[in-house]
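Note that this note's numbering numbers the sequence shown so that position 264 is 264, with each residue one more than the last.
A quick write-up on the structure given underneath.
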Amino acid sequence: MNSKLLGHLACFAAYAIFGINIISSRDIATHSGLPPITLFAMRAMVATALFWLLSLFLPRERMGGKDLLLAACASLLGLFVPQLTFLSAVGITTPVDLAVIGSITPILTMLVAAVALKEPLTWLKAAGVAISFGGVVGLILLSSHAVGATSTQPLGVVLCFVNSLSFALYLGIFRPLIARHGTVTLMKWMFLFTLLASLPVALVKTRLALFATISTRVWWEIGFLILFATFVAYFLIPVGQKRIRPTLVSMYGYLQPIIATTASIILGIDTVTLPKVLAVAAVFSGVAIVNRSRAAS
1 MNSKLLGHLA CFAAYAIFGI NIISSRDIAT HSGLPPITLF AMRAMVATAL FWLLSLFLPR
61 ERMGGKDLLL AACASLLGLF VPQLTFLSAV GITTPVDLAV IGSITPILTM LVAAVALKEP
121 LTWLKAAGVA ISFGGVVGLI LLSSHAVGAT STQPLGVVLC FVNSLSFALY LGIFRPLIAR
181 HGTVTLMKWM FLFTLLASLP VALVKTRLAL FATISTRVWW EIGFLILFAT FVAYFLIPVG
241 QKRIRPTLVS MYGYLQPIIA TTASIILGID TVTLPKVLAV AAVFSGVAIV NRSRAAS
């Protein structure tokens with residue numbers, strides 16, 4: 001399979017999972033009663049175990065001291081801060097505000113990549129990002145959002161912005177590190193570092209009695225969050241990062257509101273309209289334009 005095609009497919013699958021996860025995470029935040037740091041520690045614990053287990057069946061790869069330090073920094077910007085801010089924001093931010101603020105991630109990534117990786121900032125690339133941004137904001141504003149917070153708290157806005165900025169920094173800065181190491185090797189260390197950072201706080205904040213009150217449905221949603229939106233998705237993203245530029249990787253984040261809208265239509269709480277179809281077309285047109293820009297390879 002063509003290397004770039006594999007990168008696009010990996011990013012498409014990862015962000016499709018994230019799109020479904022937005023819906024289930026709102027339900028978890030509302031009905032589980034678990035603190036965000038506890039959910040994060042659970043994700044980190046399972047993902048760490050799975051990546052280290054998987055590494056036992058692959059050729060051994062060593063990571064030097066300098067790259068271990070870089071991996072620790074990457075885990076902070078790419079895992080710890082984004083996941084914790086998202087889980088904290090989802091219960092105090094309306095779905096529209098959460099999606100709109102999250103839509104600036106490709107713009108921030110494009111700017112970070114231009115500075116950190118000297119990735120050319122072309123008019124064609126900027127136009128593609130702008131077209132996709134306009135399409136996704138239009139889709140968000142045209143869609144129904146029946147699940148989630150009914151008003152946005154100021155802290156929610158701050159958390160959403162920090163989430164976007166942190167992940168943009170991760171995508172824009174650490175591509176060279178990702179290119180030097182296998183996906184499993186990198187992820188096993190990154191998740192181990194996030195687990196060590198989150199577990200002590202989670203142990204203090206978590207009351208065991210809370211787990212007994214969680215419904216079966218929410219446990220299934222937590223299972224999806226941990227297995228697919230953590231282990232599988234974060235296995236796929238580095239596959240994409242190795243093969244396509246950071247701006248393109250981040251633009252696949254625009255799949256999330258598309259997936260959320262599609263799910264709402266299937267559930268009967270939203271409808272298909274011509275403006276929504278045009279908005280989705282604008283999103284994919286922008287991605288195609290960025291992919292054709294001379295800096296996309």
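Even for Gly, the Cβ is constructed at its ideal location relative to N, Cα and C.
All figures in this text were calculated on a predicted structure; none of them were measured in a lab.
- Annotated as distal: residue 19 and residue 226, with beta-carbon spacing of 8 Å or more.
- In the three-state scheme derived from DSSP, where H, G and I count as helix and E and B as strand, residue 221 is classed as helix.
- The straight-line gap separating the alpha-carbon atoms of residue 6 and residue 17 is approximately 17 Å.
- A contact is defined here as three or more CB-CB pairs under 8 Å, and the stretch 53 to 66 fails this definition with respect to the stretch 207 to 214.
- Counting along the chain, residue 109 sits inside the alpha helix (DSSP H) bounded by residues 105 to 116.
- Short of 7 Å from the beta carbon of residue 134, and not among the five residues preceding or following it, lie these beta carbons of its own chain, in chain order: 282.
- For residue 272, same chain residues with a beta-carbon under 8 Å away, outside a window of 5 residues either side, are 265 in chain order.
- Spatial neighbours of residue 232 in its own chain (CB-CB distance under 7 Å, excluding positions within 5 residues in sequence) are listed in chain order as 17.
- Around the beta carbon of residue 106, 16 or more other beta carbons sit within 10 angstroms, so the residue counts as buried.
- Cα atoms of residue 224 and residue 46: separation of roughly 12 Å, rounded to the nearest angstrom.
- With a threshold of 16 other beta carbon atoms within 10 Å, residue 2 falls short and is exposed.
- For residue 167, the enclosing alpha helix (DSSP H) stretches over residues 154 to 173.
- Leaving aside the five residues that flank residue 114 on each side, the residues in its chain whose CB is nearer than 7 Å to its CB run, in chain order, 121.
- Three or more beta-carbon pairs separated by less than 8 Å link the stretch 70 to 87 to the stretch 168 to 175, which places the two stretches in contact.
- In the three-state reduction of the DSSP assignment, residue 137 falls in the helix class, which pools H, G and I.
- Using a Cβ distance threshold of 8 Å, residue 160 and residue 102 count as a contacting pair.
- Considering only 50, 99 and 78, the residue with the shortest C-alpha distance to residue 23 is 99.
- Residue 38 has its alpha-carbon roughly 6 Å from the corresponding atom of residue 206.
- A distance below 7 Å between beta-carbons, with the five flanking residues on each side excluded, links residue 229 to the following residues of its chain, in chain order: 17, 18 and 21.
- In the structure shown, residue 272 falls within a coil segment according to DSSP collapsed to helix, strand and coil.
- In this structure, residue 14 lies near residue 237, with their beta-carbon atoms less than 8 Å apart.
- One thing to note: residue 152 has its Cβ within 8 Å of the Cβ of residue 93.
- Its chain contains 236, 239 and 240 as the residues whose beta carbon lies nearer than 6 Å to that of residue 10, once the 5 sequence neighbours on both sides are disregarded; these appear in chain order.
- The beta carbon of residue 182 lies closer than 6 Å to those of 61 in the same chain, with the five residues before and after it left out.
- In this structure, the beta-carbon distance from residue 132 to residue 42 does not fall below 8 Å.
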